[in-house]
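Undergrad: Numbering (UniProt numbering), first residue to last: 1 to 392.
Right under this line is the structure:
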């Protein structure tokens, strides 16, 4: 059963008065200039860890995305509505910046500067500010001002070339590897490292987080293996890219799939015994027979359903797991026991990660609705100019 949380409106947990501890970043203030994709997800990570994240939404919305009430990347945040192209918008952002520790923006290079909220303007107002910039190509270089999306950044970094079968086009891994692993996570690491420096030295700085850089950095181990001669620069031919018959996925009789990964000898022995091929291939490292081994494994998995194979391998060290869908995953017994997914405000969602023993984190509020928290933020960030006027 999913762990259920009491629903609270966005920002209601941050009323005036002493702040309860919501995580290790309690007390850290973040301004997020509204965007899409990796920037909002990075800000959500900071909010999940307890930071007071104020999202600056613009009238009319971001132009692409999902309904605000369902946008889980805006959970645990508060929202104010400002027109950065209007006369007062940039000034109000700078008022927030003066009281903030971190700013996150995901515009193309030069856009924030033209709006009057670029690094120079913000650091002049608050020299200790950490100014986080999330882009695909980075702040400089020949492609810096060009449009792009996750798949292009992965392609140019070399990462996309590794994913898929050798005789087919590279497989698109949703937008998780580039936008979120190569983008959001690196931005969060960067701004927290810069915040540590700012608190120790009183000096803010700009963090240039480019998805293409992060996607390349994710492959550091692979580059080491390539240099050592233990990795071939072609997909589907290596130990960890599906080239190995005991590290991959196999179809079951009902159209499901099982994920297989018993790399270590003792785990493989258990896997082979349970699958019923223990004596067929005495030397699993005989690469010349890998196609035969793959065919044998595939044939065995095709004889039973996913549920039946799950039962066979359940409770063993064979390193085999059923491939679950997004809607199935929350109900797996292990994930349910750990409350890996929670339900908040009627929305099933991944719980904040990682976990902390002294400063627990949680989903405290639903997705921030554009402008819903303007008055509250004006009061407890002490930015009078944000307060709605009678005609608003």
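For every residue, glycine included, the Cβ atom is placed at its ideal position computed from N, Cα and C.
As the structure is a prediction and not an experimental result, all values here were calculated from the model.
Can you list, in chain order, the residues of its chain with a C-beta nearer than 6 Å to that of residue 349? Leave out the 5 residues immediately preceding and following it.
TA: Cβ within range, chain order: 72.
Undergrad: Please report the distance separating the alpha-carbon of residue 10 from that of residue 203.
TA: Only weak support is given to the placement of residue 10: the predicted model assigns it a pLDDT of 34, under 50, and the value that follows is read from those uncertain coordinates. Their Cα atoms are separated by approximately 32 Å.
Undergrad: So, for residue 6: in the same chain, excluding its five sequence neighbours on each side, which residues have a beta-carbon less than 7 Å away from its beta-carbon?
TA: Note on residue 6: pLDDT 38, under 50, position unreliable in the model; no value is reported.
Undergrad: Just list the residues that DSSP pairs residue 104 with in beta bridges.
TA: Note: residue 104 sits in a beta bridge opposite 32, 132.
Undergrad: When you compare the region 32-52 with the region 129-141, are there three or more beta-carbon pairs, one atom per stretch, that lie closer than 8 Å?
TA: The region 32-52, when compared against the region 129-141, does touch it at the 8 Å Cβ threshold.
Undergrad: Could you have a look at residue 347 and say whether DSSP puts it in helix, strand or coil?
TA: In the structure shown, residue 347 sits in a strand (DSSP, three-state: E or B).
Undergrad: To the nearest angstrom, report how far apart residue 280 and residue 307 are at their CA atoms.
TA: Using only the alpha carbons, I get a separation of about 25 Å.
Undergrad: Along the chain, where does the beta strand (DSSP E) that runs through residue 207 open and close?
TA: First-last of the beta strand (DSSP E) with residue 207: 205-210.
Undergrad: When burial is assigned at 16 or more other CB atoms within 10 Å of the CB, is residue 252 buried or exposed?
TA: Buried, since its Cβ has 16 or more Cβ neighbours within 10 Å.
Undergrad: Using CA coordinates, which residue listed in 29, 28, 49 is at the minimum distance from residue 358?
TA: Cα-wise, what sits closest to residue 358 is 49.
Undergrad: Per DSSP, what are the beta-bridge partners of residue 78 in this structure?
TA: Residue 78 is bridged to 54.
Undergrad: Nearest by alpha-carbon distance to residue 317: which of 375, 265, 144 is it?
TA: Nearest option by C-alpha distance: 265.
Undergrad: Compare the beta carbon distance of residue 383 and residue 140 with 9 Å and say whether it is the shorter of the two.
TA: Going by C-beta atoms, residue 383 is not nearer than 9 Å to residue 140.
Undergrad: Take every Cβ of the region 119-127, pair it with every Cβ of the region 149-163, and state whether three or more of those distances are shorter than 8 Å.
TA: No, the region 119-127 does not touch the region 149-163.
Undergrad: For residue 130 and residue 263, I'd like the C-alpha separation in whole angstroms.
TA: One C-alpha to the other measures close to 43 Å.
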